[in-house]
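Visitor:
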Amino acid sequence: MSDLNALFSPSSIAVVGATERRQSAGNIVFRNLINSGYSGIILPINTKRRSVCGVLAYSSIDKAPIVPELAILCTQSKHNPALIEELGSAGVKAVIIVDSQTSQESLEIESELLESAKRYGMRILGPNSLGLILPWKNLNLSLSPISAQQGSLAFVSQSAAICSTVLDWAKDKQIGFSAFVSVGRGIDIDFADLLDTLALDSKTRAILVYVDSIVDARKFMSAARAASRNRRVLVVKGGRSPEGALAASRHSGLPNTTMDVVFDSAIKRSGMLRVHNTHELFAAVETLTHSVPLRGERLTIVTNGGGPAIMAVDSLSDRGGKLADLSVELQQRLLSLNVTEASNPIDLGGDATAKRYVDTLTALMDSEETDAILVMHSPTAVVDPLDMATQVLDVVKAHPKRKRYNILTNWTGESSTVGARKKINAEGIPTYRTPESAAVAFMHLVEYRRNQRQLMQTPSSLEGISVEEKVKAEQWLNQQISKGDTHLGPHTAAELFTHYGFDVLPTWHVKDALQASEKASEVGFPIALKIQSKQLSRKSDVHGVQLNLRSQQEVYEAATTMLQRISIEHPDALVDGLIVQAMAPRAGAIELRVRVFTDPVFGPVICVGQGGRQWDVARDASIGLPPLNQALARYLVIGAIQNRHLPQPQFPNAYDIDTLAEFLSKLSQMVIDCRAIEQLDIHPVILSGKQLTIVDADIQLTLPGDRPRARLAIRPYPVELEQSVELKDGRQILLRPIRPEDEPYHGEFIGRVSKEDLYKRFFTEVGELNHEALANLTQIDYDREMAFIAVTADEHNPSIIGVSRLLAEPDKRSSEFAVLVQSDLKGVGLGRLLMEKIIDYGRENGIQEITGMTMPTNRGMIGLSQKLGFEVSVDFEDGTADMRLTL
Numbered sequence: 001m002s003d004l005n006a007l008f009s010p011s012s013i014a015v016v017g018a019t020e021r022r023q024s025a026g027n028i029v030f031r032n033l034i035n036s037g038y039s040g041i042i043l044p045i046n047t048k049r050r051s052v053c054g055v056l057a058y059s060s061i062d063k064a065p066i067v068p069e070l071a072i073l074c075t076q077s078k079h080n081p082a083l084i085e086e087l088g089s090a091g092v093k094a095v096i097i098v099d100s101q102t103s104q105e106s107l108e109i110e111s112e113l114l115e116s117a118k119r120y121g122m123r124i125l126g127p128n129s130l131g132l133i134l135p136w137k138n139l140n141l142s143l144s145p146i147s148a149q150q151g152s153l154a155f156v157s158q159s160a161a162i163c164s165t166v167l168d169w170a171k172d173k174q175i176g177f178s179a180f181v182s183v184g185r186g187i188d189i190d191f192a193d194l195l196d197t198l199a200l201d202s203k204t205r206a207i208l209v210y211v212d213s214i215v216d217a218r219k220f221m222s223a224a225r226a227a228s229r230n231r232r233v234l235v236v237k238g239g240r241s242p243e244g245a246l247a248a249s250r251h252s253g254l255p256n257t258t259m260d261v262v263f264d265s266a267i268k269r270s271g272m273l274r275v276h277n278t279h280e281l282f283a284a285v286e287t288l289t290h291s292v293p294l295r296g297e298r299l300t301i302v303t304n305g306g307g308p309a310i311m312a313v314d315s316l317s318d319r320g321g322k323l324a325d326l327s328v329e330l331q332q333r334l335l336s337l338n339v340t341e342a343s344n345p346i347d348l349g350g351d352a353t354a355k356r357y358v359d360t361l362t363a364l365m366d367s368e369e370t371d372a373i374l375v376m377h378s379p380t381a382v383v384d385p386l387d388m389a390t391q392v393l394d395v396v397k398a399h400p401k402r403k404r405y406n407i408l409t410n411w412t413g414e415s416s417t418v419g420a421r422k423k424i425n426a427e428g429i430p431t432y433r434t435p436e437s438a439a440v441a442f443m444h445l446v447e448y449r450r451n452q453r454q455l456m457q458t459p460s461s462l463e464g465i466s467v468e469e470k471v472k473a474e475q476w477l478n479q480q481i482s483k484g485d486t487h488l489g490p491h492t493a494a495e496l497f498t499h500y501g502f503d504v505l506p507t508w509h510v511k512d513a514l515q516a517s518e519k520a521s522e523v524g525f526p527i528a529l530k531i532q533s534k535q536l537s538r539k540s541d542v543h544g545v546q547l548n549l550r551s552q553q554e555v556y557e558a559a560t561t562m563l564q565r566i567s568i569e570h571p572d573a574l575v576d577g578l579i580v581q582a583m584a585p586r587a588g589a590i591e592l593r594v595r596v597f598t599d600p601v602f603g604p605v606i607c608v609g610q611g612g613r614q615w616d617v618a619r620d621a622s623i624g625l626p627p628l629n630q631a632l633a634r635y636l637v638i639g640a641i642q643n644r645h646l647p648q649p650q651f652p653n654a655y656d657i658d659t660l661a662e663f664l665s666k667l668s669q670m671v672i673d674c675r676a677i678e679q680l681d682i683h684p685v686i687l688s689g690k691q692l693t694i695v696d697a698d699i700q701l702t703l704p705g706d707r708p709r710a711r712l713a714i715r716p717y718p719v720e721l722e723q724s725v726e727l728k729d730g731r732q733i734l735l736r737p738i739r740p741e742d743e744p745y746h747g748e749f750i751g752r753v754s755k756e757d758l759y760k761r762f763f764t765e766v767g768e769l770n771h772e773a774l775a776n777l778t779q780i781d782y783d784r785e786m787a788f789i790a791v792t793a794d795e796h797n798p799s800i801i802g803v804s805r806l807l808a809e810p811d812k813r814s815s816e817f818a819v820l821v822q823s824d825l826k827g828v829g830l831g832r833l834l835m836e837k838i839i840d841y842g843r844e845n846g847i848q849e850i851t852g853m854t855m856p857t858n859r860g861m862i863g864l865s866q867k868l869g870f871e872v873s874v875d876f877e878d879g880t881a882d883m884r885l886t887l
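Sequential numbering of the sequence shown, starting at 1, is according to UniProt numbering.
#1: Could you please give the first and the last residue of the uninterrupted alpha helix (DSSP H) stretch that includes Phe-763?
#2: Tell me, which residues are paired with Ala-206 by DSSP?
#3: Phe-8 to Val-166, Cα distance in whole Å?
#4: Fully enclosed by the region 3-68, which beta strand (DSSP E) runs are 3 residues long or longer?
#5: CA-CA distance, Leu-139 and Trp-169?
#6: Can you tell me whether Ile-124 is buried or exposed, with buried defined as 16 or more other CB within 10 angstroms of its CB?
#7: From which residue to which residue does the beta strand (DSSP E) around Ala-790 run?
#8: Could you check whether the region 327-337 touches the region 389-403, counting it as contact only if at least three pairs of C-beta atoms, one from each stretch, sit closer than 8 Å?
#9: Answer with buried or exposed for Ser-182, where buried requires no fewer than 16 other C-beta atoms within 10 angstroms of its C-beta.
#10: Specify whether the region 320-335 and the region 442-449 touch according to this definition: at least 3 beta carbon pairs, one from each stretch, less than 8 Å apart.
#11: As an exercise, report each continuous beta strand (DSSP E) stretch of at least 3 residues that is fully enclosed by the region 392-474, in chain order.
#12: Could you check if His-543 is buried or exposed, using at least 16 other CB atoms within 10 Å of its CB as the buried criterion?
#13: For Glu-785, which residues in the same chain have their Cβ closer than 6 Å to its Cβ, ignoring the five residues on either side in sequence?
#14: With DSSP as the reference, please indicate the residues paired to Gln-679 in a beta bridge.
#15: Going by C-alpha distance, which of Gly-126, Gly-151, Leu-153, Arg-232 is nearest Ser-142?
#16: If you run the structure through DSSP and keep just helix, strand and coil, what is Met-883?
#17: Taking the Cβ atom as the reference point for each residue, do Ala-284 and Leu-273 lie within a distance shorter than 8 Å?
#18: Quickly, what does DSSP pair Gln-564 with across the bridge? List them, please.
#19: Which residues in the same chain have their Cβ closer than 7 Å to the Cβ of Arg-761, if we skip the five residues on either side of it in sequence?
#20: Count the other C-beta atoms from every protein chain shown that fall within 10 angstroms of the C-beta of Asn-797, then say buried if there are 16 or more, exposed otherwise.
#21: My output table needs one value for Pro-740: the three-state DSSP class, helix, strand or coil.
#22: Rounded to the nearest angstrom, what separates Pro-526 and Arg-550 at their Cα positions?
#23: What is the DSSP secondary structure of Cys-163, counted as helix, strand or coil?
#24: What residues in its chain sit with their C-beta under 7 Å from that of Gly-524, if we drop five residues either side in the sequence?
#25: Can you name the start and end residues of the alpha helix (DSSP H) that Ser-89 belongs to?
#26: With a cut-off of 8 Å, do at least 3 Cβ pairs link the region 36-49 to the region 86-93?
#27: Using a Cβ distance threshold of 8 Å, determine whether the region 751-761 contacts the region 683-695, with at least three qualifying pairs required.
#28: Give the secondary structure of Met-388 by DSSP, where H, G and I count as helix, E and B as strand, and everything else as coil.
#29: I need the DSSP call for Met-376, collapsed to helix, strand or coil.
#30: Just the Cα atoms here: how many angstroms apart are Leu-664 and Gln-546?
#31: Quick one: what does DSSP say Arg-805 is sitting in, helix, strand or coil?
#32: Using only the alpha-carbon positions, how far apart do Tyr-782 and Glu-720 sit?
#33: For a quick check, are the C-beta atoms of Asn-410 and Thr-431 less than 8 Å apart?
#34: For Lys-237, does the three-state DSSP call read helix, strand or coil?
#35: Let me know the secondary structure DSSP gives Lys-530 once reduced to three states.
#36: By Cβ distance below 7 Å, which residues in the same chain neighbour Leu-462 in space, the five residues on each side in sequence not counted?
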């Protein structure tokens with residue numbers, strides 16, 4: 001990004017605090033810089049010395065012959081506010097602060113540092129940064145005693161100690177980097193800024209991230225989702241346990257209050273891959289780099305030893321993986337090759353020769369009954385490990401269907417097999433020392449594929465809630481809040497649920513035991529009786545629930561006993577009567593618990609799992625971040641089944657997965673619409689086949705002043721931007737933001753645009769766009785990009801007839817526009833409407849400048865832009881016309 005050019009491509013650098021004093025920060029950083037081969041201008045700043053390490057020094061920035069683009073502060077924190085002011089006023093564009101103090105004094109001056117930096121448009125990396133290493137620029141501007149070799153991995157870390165450890169480890173393993181960045185406290189330049197920059201770096205193929213905590217969830221998620229479309233992004237999270245989170249918070253001075261399962265859900269949603277330690281991090285990136293895209297999740301294991309294969313299967317099962325089911329025909333073919341066991345894992349026997357391996361692999365790759373093959377070999381006297389590796393490599397490379405399969409290998413042993421592993425690695429096939437690590441590597445491929453599918457999937461359309469019902473729900477909630485009622489029990493919450501089309505078990509609220517018995521007689525037996533108290537949300541834990549009561553007498557006695565017990569055991573609880581319900585039908589049904597709570601960083605999260613008294617979200621639930629649509633909700637349900645948080649559907653009374661997914665997506669919409677919802681606990685939800693019923697629920701509301709503006713980590717579809725307009729020919733159309741489910745209609749629209757118009761828009765010949773290309777056009781991040789489509793008013797056969805786009809820089813100062821109109825609809829005012837729509841949107845969202853590019857021959861676009869106030873500059877030699885509008 002332009003505002004980080006001074007950090008990643010500086011032409012001149014000042015080291016403030018550069019000194020001859022050994023072991024000091026100023027000495028280490030300065031020596032690293034001059035020894036790295038950096039070709040730019042180096043300016044040591046020292047108030048007392050004429051030179052540092054033989055380089056002419058200056059007493060202050062204003063005494064230097066030029067203003068450096070980048071400065072690094074190797075000074076005590078108390079001097080930093082004055083230095084930042086001095087650097088900013090001089091015109092320095094970026095600063096790295098390596099101060100390692102975390103005292104309250106340091107925390108207090110950070111706001112002062114930021115205020116000065118923003119005033120001058122200067123960016124800050126740190127404080128507590130180890131610095132920056134850019135091997136391809138021959139730049140080592142860090143405190144690290146070890147530099148980095150050139151490579152294709154970018155490493156970004158919040159922990160300076162992790163940086164040093166990884167550099168030491170990478171040097172031993174001969175692993176190179178395109179960039180090595182220590183974020184430190186990240187008061188200004190954070191993970192999002194760095195992901196945006198590195199995702200566009202030509203030297204970077206994968207981005208590795210070590211993170212302790214996230215502050216701005218929406219900014220982080222937007223950048224992570226954008227980066228994951230272009231680069232492999234792998235994440236290690238420190239502070240996974242509550243104790244670790246507390247330690248991380250104390251170390252960094254940053255809050256670390258997000259539950260680990262919530263962070264994990266965010267990583268999956270953003271298309272990144274999470275691993276659990278730095279060793280696994282580099283193993284995973286090697287696996288992903290050397291592998292073809294995984295077609296499916298079926299793994300076949302070929303081995304010459306049963307024990308190692310069993311260990312691999314155990315590791316696979318622990319992480320939710322599965323073996324391929326081989327057909328009878330394929331097993332018969334394998335048995336003819338003298339294998340010991342033809343089912344998966346395929347055991348070739350301890351006397352397996354290279355030919356037996358070759359023939360087995362050929363049979364598997366011919367069959368297409370698997371997606372990946374793990375070839376395992378334990379040392380034997382029958383064959384040399386290196387010769388075995390050579391023949392396995394030859395058959396894999398020569399097979400015509402080679403690109404259909406992921407091949408992984410496990411040559412166990414040490415000295416006798418190290419040559420084989422090196423040869424396999426040299427051929428670009430990942431190999432592992434242990435069966436467990438090989439199985440984990442395969443699961444990295446599976447998890448990455450799942451996360452990328454979440455990022456790139458095209459969801460099916462779900463019938464939405466009517467605007468009238470949304471308005472009624474909002475009005476009803478506001479009424480509850482105005483009455484001061486911020487806790488809604490099941491009898492009250494039922495009205496909100498009905499606005500969103502949920503099936504709720506009829507519920508009655510009564511004051512005492514006598515009313516309970518009378519109401520039970522009206523409802524019909526059997527009856528469920530529950531205590532109602534805002535202080536006792538977990539009714540079962542305080543014996544506040546009685547089920548299957550079959551007479552008025554049973555109801556009366558149960559109610560009396562319940563009220564007496566609560567008054568004795570919980571005297572401070574204010575009891576607001578009792579809840580009476582008919583017993584929900586449970587034959588063949590499962591009981592679920594669905595909870596919504598507000599994470600302090602990522603906002604509302606949705607949890608689903610089986611019900612139970614001792615229910616722990618971190619242990620018993622799978623988590624998704626709204627907004628959820630039908631497809632994403634289905635991923636959440638499938639994940640819950642794989643993680644054993646939900647049971648496998650069992651016939652003949654199997655519950656319907658799509659019904660549960662639809663329920664979760666509707667619930668997500670309710671959470672998005674009803675910003676007052678702070679917490680929601682639905683327990684139980686009864687699900688039988690396609691029938692889903694809410695039995696009990698509690699909702700906690702928050703006052704309007706306590707709601708954060710950017711409440712959701714991922715900005716939902718902005719329905720408020722929809723607008724009905726009329727064209728010059730009298731036709732009514734709808735202008736609205738594009739949605740993922742518009743993919744097929746967008747493909748049809750492109751097909752109706754002439755080749756000439758497409759060339760003017762894309763500056764290249766455009767054929768039929770594939771799913772990935774269309775997904776990139778329709779699955780946009782509404783927080784940093786907008787696309788408005790013009791849709792015909794025919795509800796039964798909607799058709800896209802035009803689209804305008806606005807792609808903003810992450811800092812939202814500037815944005816680029818593009819407009820495309822169906823070729824046979826020019827002259828009816830559609831282009832102007834689309835242009836005005838994006839200009840208005842840019843103004844309302846604080847964008848300072850809109851730019852665009854077309855061809856000089858596109859007179860219609862040029863004329864329209866001039867009418868709307870754009871400055872147009874034509875370069876006939878380059879064949880371009882630049883359009884620029886200041887907002």
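All residues carry an ideal CB built from backbone N, CA and C; glycine is no exception.
Guide: This is what the structure holds:
#1: Sequence index remark: in the sequence shown, residue 763 carries index 763 (1-based). Where Phe-763 is concerned, there is no enclosing alpha helix (DSSP H), given that its DSSP letter is neither H nor E.
#2: Stepping through the sequence shown from its first residue, residue 206 is reached at position 206. Per DSSP, Leu-153, Arg-232.
#3: If you number the sequence shown from 1, residue 8 lands on position 8. If you number the sequence shown from 1, residue 166 lands on position 166. Those two C-alpha atoms are separated by around 21 Å.
#4: 12-16, 41-45, all fully within the region 3-68.
#5: Counting from 1 along the sequence shown, the entry for residue 139 is found at position 139. Counting from 1 along the sequence shown, the entry for residue 169 is found at position 169. So the alpha carbons of these two residues sit roughly 20 Å apart.
#6: Sequence index remark: in the sequence shown, residue 124 carries index 124 (1-based). It is buried - the Cβ of Ile-124 has at least 16 other Cβ atoms within 10 Å.
#7: Position 790 of the sequence shown, counted from the first residue, corresponds to residue 790. Run containing Ala-790: 785-792, per the beta strand (DSSP E) assignment.
#8: The region 327-337 vs the region 389-403: no contact.
#9: As a position in the sequence shown, residue 182 is number 182, starting the count at 1. Answer is buried; the Cβ neighbour count reaches 16.
#10: yes
#11: Runs of the beta strand (DSSP E) inside the region 392-474: 406-411.
#12: As a working mapping, residue 543 is identified with position 543 in the sequence shown. Its Cβ having fewer than 16 others within 10 Å, His-543 is exposed.
#13: Numbered from its first residue, the sequence shown carries residue 785 at position 785. Excluding positions up to five away in sequence, the list reads Leu-807.
#14: Along the sequence shown, read from residue 1 onward, the residue named residue 679 stands at position 679. Gln-700.
#15: For this step, residue 142 is matched to residue 142 along the sequence shown. Per the Cα distances, Gly-126.
#16: Residue mapping note: residue 883 aligns to position 883 of the sequence shown, counting from 1. DSSP places Met-883 in strand when its eight states are reduced to three.
#17: Residue 284 sits at position 284 when you count from the first residue of the sequence shown. Residue 273 sits at position 273 when you count from the first residue of the sequence shown. With contacts defined as CB atoms closer than 8 Å, Ala-284 and Leu-273 qualify as a contacting pair.
#18: Indexing the sequence shown from 1 puts residue 564 at position 564. Answer is none; Gln-564 lacks a bridge partner.
#19: In the sequence shown, residue 761 corresponds to position 761, counting from 1. Within the same chain, Arg-761 has close Cβ partners Ala-818, Leu-820.
#20: Walking along the sequence shown from the start, residue 797 turns up at place 797. Asn-797 should be labelled exposed.
#21: Here residue 740 corresponds to residue number 740 of the sequence shown, with the count starting at 1. The answer is helix: DSSP assigns Pro-740 an H, G or I state.
#22: The residue you call residue 526 lines up with position 526 of the sequence shown. The residue you call residue 550 lines up with position 550 of the sequence shown. Near 5 Å, if we compare the C-alpha coordinates of Arg-550 and Pro-526.
#23: In the sequence shown, the residue the question calls residue 163 occupies position 163. Three-state DSSP puts Cys-163 in a helix.
#24: If you number the sequence shown from 1, residue 524 lands on position 524. Excluding positions up to five away in sequence, the list reads Ala-582.
#25: Translated into the one-based positions of the sequence shown, residue 89 becomes position 89. 80-90 is the extent of the alpha helix (DSSP H) around Ser-89.
#26: no
#27: No contact exists between the region 751-761 and the region 683-695.
#28: Residue 388 sits at position 388 when you count from the first residue of the sequence shown. Correct three-state label for Met-388: helix.
#29: As a first step, residue 376 must be located in the sequence shown, where it is residue number 376. Looking at Met-376 - three-state DSSP - the assignment turns out to be strand.
#30: Translated into the one-based positions of the sequence shown, residue 664 becomes position 664. Translated into the one-based positions of the sequence shown, residue 546 becomes position 546. Spanning the alpha carbons of Leu-664 and Gln-546 requires a straight line of approximately 28 Å.
#31: What you label residue 805 is simply residue 805 of the sequence shown in a count that begins at 1. Under the three-state reduction of DSSP, Arg-805 is assigned to strand.
#32: As a working mapping, residue 782 is identified with position 782 in the sequence shown. As a working mapping, residue 720 is identified with position 720 in the sequence shown. Using only the alpha carbons, I get a separation of about 13 Å.
#33: Taking the first residue of the sequence shown as position 1, residue 410 is located at position 410. Taking the first residue of the sequence shown as position 1, residue 431 is located at position 431. Contact flag set, yes.
#34: For the purposes of this step, residue 237 is identified with residue 237 of the sequence shown, where counting begins at 1. Looking at Lys-237 - three-state DSSP - the assignment turns out to be strand.
#35: Your numbering for residue 530 matches position 530 in the sequence shown. If DSSP states are grouped into helix, strand and coil, Lys-530 belongs with the strands.
#36: Working through the sequence shown from its first residue, we reach residue 462 at position 462. Reliability of the predicted coordinates at Leu-462 is poor, the pLDDT of 48 falling under 50, and the value obtained from them is presented with this limitation in mind. Excluding positions up to five away in sequence, the list reads Asn-629, Gln-630, Glu-662, Ser-665.
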